[in-house]
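What follows is one structure encoded as structure tokens, with my remarks underneath.
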Amino acid sequence: MSNKLWEKNYGINEEIERFTVGRDREMDMYLAKYDVLGSMAHITMLESIGLLGSDELKALLAELKNIYAVCERGEFVIEDGVEDVHSQVELMLTRKLGDMGKKIHSGRSRNDQVLVDLKLFIRHEIRDIAMLVKVLFDELIEKSNQFKDVLMPGYTHLQVAMPSSFGLWFGAYAESLADDMLFLQAAWRMTNRNPLGSAAGYGSSFPLNRTMTTELLGFDTMNYNVVYAQMGRGKTERNVAFAMASIAGTVAKMAFDACMFNSQNFSFVKLPKECTTGSSIMPHKKNPDVFELIRAKCNKLQALPQQIVLIMNNLPCGYFRDLQIIKESFLPAFDELKDCLQMAAYIINKMEVNRNILDNKMYDLMFSVEEVNRLAAAGMPFRDAYKKVGLDIEAGQFVPDKNIHHTHEGSIGNLCNDKIQALMEQCLDGFHFEKMENAEKNLLK
Ligand code: ARG
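Numbers given in our numbering equal positions in the sequence shown, counted from 1, plus 1222.
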């Protein structure tokens, strides 16, 4: 049974209906709460410009609040034959309030409605991701400080290279996250502009008060140009996905290191047995599947911006149904990233560090540069010192001095973790999630 907002006096081909709706109803479930909030702001504005009576506004707001509560309880459904979340909310209002429900769509299109829903949804997800990145960051800084004096080999070409430390290794991923957060912040700022009022992408002949809906929804400002507001569909998702991919890239790389360092051939780190998985045939196995899955999921997330780009890049300005398909990869990606971040922090916390790596003679040669530097500091030209140590190594006469002195900023002896923490704090301070939270609270009170 069809129940379309745009239904007129002819039937709708069922095959076309099946195909054009596709998985969209499932995707729209992510947006239900936000569709309600967007409608609350829109109708409050409609009343202010005389398109709704104040009693009508009161009744509609009360009912939208009920629908919001239904969403919060996890009981919201898009009924059979209803095309999308926007149609479902309007249907629920009309069922309850009759003609009043039919008035709410003045000056609005599903095009700007889905734009605003997406932005409201994304704001919450960015907040959650920022919090989870911070948890992982704190864990990494803590481990970095805890193991700052534990040396490990650093590699180039996967060949033993120079002394590194667990302080450096953990701290490197913390600083990487601090950089990733810059993208998240840029994504936040671009998302936090109100597209509502652009309607189908060309505005409206009603004197819409877009400043009012901007304030009611706690946006920083609006997407001013209505054509551009519509062009933000796809672009916003791509920018957010890019920030997510940047974070995922850091986590995937860290997971690869952890898998490698956990191998018996390295034995730098170990997972407690209860955090490993076994084999159905090899009784001794204790596999780091958790890091492997984090790696794969985070690698997959890095394809997200490309997927979105390929869907939206070659579209001219104006709305197209193509944009609907972005939701299918974009919306579920947040839960995947959040799960990976949470699990990464959890497993890093549990990871045990081998404090005796350097007992193995295999790593002695990583002190070669230290020896060259000692000679150079004592006055021998660097190239001569290099040659002397090189010849000692070839003759099997190199004796490592494992007392190293790395003191400059960011080196083993001077990690600058406090500076890295300041970078992260600075970035987090730029978000102002309270503005969004207060605006939504006010709408719902
Ligand atoms: N499901 C649609 C989407 O995600 C909603 C907008 C529909 N607009 C339209 N003109 N058909 O894009």
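Heads up, the beta-carbon is just placed ideally off N, CA and C, and yes, glycines get one too.
Next on the checklist: Rounding to the nearest angstrom, what Cα-Cα distance links F1388 and K1624 in this structure?
Outcome noted: 16 angstroms
Checklist entry - Should V1311 go down as buried or exposed, given a rule of 16 or more other Cβ atoms within 10 Å for buried? => result buried
Checklist entry - Taking the continuous alpha helix (DSSP H) assigned at P1505, which residues delimit it? => result Looking at the DSSP string, P1505 is not in any alpha helix (DSSP H), and its letter there is neither H nor E.
Item to check | Cutoff 7 angstroms; reference V1281; Cβ partners in own chain excluding five residues on either side | outcome: According to the sequence shown, residue 1281 is Ala rather than Val. Cβ within range, chain order: L1319 and M1322.
Item to check | First through last residue of the beta strand (DSSP E) which encompasses G1204 | outcome: Since the first residue of the chain shown is 1223 and the last is 1667, residue 1204 is not available in this structure.
Checklist entry - Can you list, in chain order, the residues of its chain whose CB lies under 8 angstroms from that of L1404, leaving out five sequence neighbours each side? => result C1649
Item to check | C-alpha gap between A1644 and F1655, whole angstroms | outcome: 19 angstroms
Checklist entry - K1226: beta carbon under 8 angstroms from a heavy atom of the ligand ARG? => result no
Next on the checklist: Measuring alpha carbon to alpha carbon, tell me which residue in N1367, K1663 and Y1450 is nearest R1415.
Outcome noted: Y1450
Item to check | One or two residues paired with V1382 in a DSSP bridge | outcome: Y1377
Checklist entry - Mapping DSSP to helix, strand and coil, what is A1491? => result According to the sequence shown, residue 1491 is Val rather than Ala. V1491 falls in the strand class under three-state DSSP.
Checklist entry - Where DSSP assigns a beta bridge to R1415, which residues make up the other side? => result T1443
Checklist entry - At which residues does the alpha helix (DSSP H) containing Y1608 begin and terminate? => result F1604 to E1616
Checklist entry - Secondary structure at V1357, three-state DSSP: helix, strand or coil? => result helix
Checklist entry - Skipping 5 residues on each side, what residues in its chain have a beta carbon closer than 8 angstroms to that of N1367? => result G1389, L1637 and N1639
Next on the checklist: Assuming the contact rule is C-beta atoms closer than 8 angstroms, L1537 and A1467 should be a hit. Round their C-beta distance to whole Å, please.
Outcome noted: Wrong, their Cβ atoms sit about 21 angstroms apart, outside the cutoff.
Checklist entry - Can you list the beta strand (DSSP E) stretches of 3 or more residues lying completely in the region 1265-1335, in chain order? => result none
Item to check | Pairwise C-alpha distance: I1265 and D1277 | outcome: 12 angstroms
Item to check | Near the ligand ARG: A1422 beta-carbon under 8 angstroms from a heavy atom | outcome: yes
Checklist entry - Contact check, I1533 vs I1547 under 8 angstroms by CB: the rounded distance? => result 6 angstroms
Next on the checklist: Just verifying my parser: in three-state terms, what is the DSSP assignment at N1225?
Outcome noted: strand
Next on the checklist: Suppose contacts are defined by Cβ-Cβ distances below 9 angstroms. Is G1419 in contact with L1430 by that definition?
Outcome noted: yes
Checklist entry - What's the C-alpha gap between G1233 and L1340? => result 31 angstroms
Item to check | Backbone secondary structure at S1633 - three-state DSSP | outcome: strand
Item to check | C1539 versus M1453, Y1585 and V1594, residue with shortest Cα-Cα distance | outcome: M1453
Next on the checklist: Please give the ranges of any alpha helix (DSSP H) in the region 1429-1489, keeping only runs that are unbroken, at least 4 residues long and fully inside the region.
Outcome noted: 1432-1438 and 1448-1484
Next on the checklist: Quick check: the Cα distance between G1635 and Y1395, rounded to an integer number of angstroms?
Outcome noted: 18 angstroms
Checklist entry - Looking only at its own chain, which residues have a Cβ that is under 6 angstroms from the Cβ of M1223, when we skip the five neighbours before and after it? => result For M1223, the predicted model reports a pLDDT of 45, less than 50, meaning its position is unreliable; a value from the coordinates is still stated below. Cβ within range, chain order: G1303.
Checklist entry - Roughly how many whole angstroms lie between the Cα atoms of K1495 and H1506? => result 11 angstroms
Item to check | First and last residue of the uninterrupted alpha helix (DSSP H) at T1498 | outcome: Careful: T1498 lies outside any alpha helix (DSSP H) and carries neither H nor E.
Item to check | Check whether M1602 and F1359 have beta carbons under 9 angstroms apart | outcome: no
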